[in-house]
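First the structure, in the form of structure tokens, and then the observations on it.
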Amino acid sequence: MIRVSGRMLRVGTAAIPLHNITWVDAFRLKPRRGAIFLRTLMWTAGTVALLVYGSAAYAGGGDLRTMGFETTLPVLVLGTLVIAAFRALFAPARPVLAIEMAGGSAVVVTLPNMEELRKIAGQVVYAINHPEAEFTAIVNQFNSSNTNHFGPVVNMNGGSGNTGIRL
């Protein structure tokens, strides 16, 4: 849920002062197909290297048949790689609403309908300029495998070295 009240933007459990918002945009987030292809290529090369190593160990008198390494394991690993690569490569672009703060953190939420996200973006921008504005909207959490998650929907980019609170 996203809510504006009392000059605060609340997204899930995160609360952001409206004056800290620097960027609001609704757009379609496309998968990074080049990075996906390179990652798949890297894992395939690793699997082939293990297969070559296993073949050399088997040829040297090792007993790899008990593990099923000679046929079953490489086929399963390569099959999994192919399925994962096709799912990622052919994933459709997802509509998202991104709200970036002055510190570089960003709130990213999603809905199936792009027009609803644009409407919410307009309401957030209106609320920044009009202190009396209030609204509530239901949104979905956006999960990305390449971000750090702080709270249910707040993603922090460039968080290397961030250790959080030490108790």
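For the sequence shown, the numbering used here begins at 664 and goes up steadily by one.
Yeah, the Cβ is synthetic: ideal placement off N, Cα and C, and Gly gets one too.
Check                                                                                                                                                             : Outcome
Secondary structure at L681, three-state DSSP: helix, strand or coil?                                                                                             : helix
Compute the distance between the beta-carbons of V772 and V674, then report whether it is under 8 Å.                                                              : yes
Using the three-state DSSP reduction, which class does F700 fall into: helix, strand or coil?                                                                     : helix
Mind reading off the beta-carbon distance from I783 to L760? Whole number of angstroms is fine, and I expect it under 8 Å.                                        : 6 Å
What is the DSSP secondary structure of P737, counted as helix, strand or coil?                                                                                   : helix
My guess is that L672 and I684 are in contact by the Cβ rule of under 8 Å, so how many angstroms apart are they, rounded?                                         : 7 Å
For D688, I'd like the list of residues in its chain whose CB is within less than 7 Å of its CB, leaving aside the five on either flank, ordered along the chain. : A761, A784
Whole angstroms is fine: what's the gap from P794's alpha carbon to H682's?                                                                                       : 10 Å
Ends of the alpha helix (DSSP H) at R781?                                                                                                                         : 777-792
Using the three-state DSSP reduction, which class does T743 fall into: helix, strand or coil?                                                                     : helix
May I ask you to report which of helix, strand or coil DSSP gives T676?                                                                                           : coil
Going straight from the alpha carbon of L736 to that of T707, what length do you get?                                                                             : 13 Å
Taking just the CA atoms, how far does A748 sit from R757?                                                                                                        : 18 Å
For L744 and T703, which I take to be in contact (beta-carbon distance under 8 Å), what is that distance rounded to the nearest angstrom?                         : 6 Å
Rounded to the nearest angstrom, what separates I699 and G669 at their Cα positions?                                                                              : 42 Å
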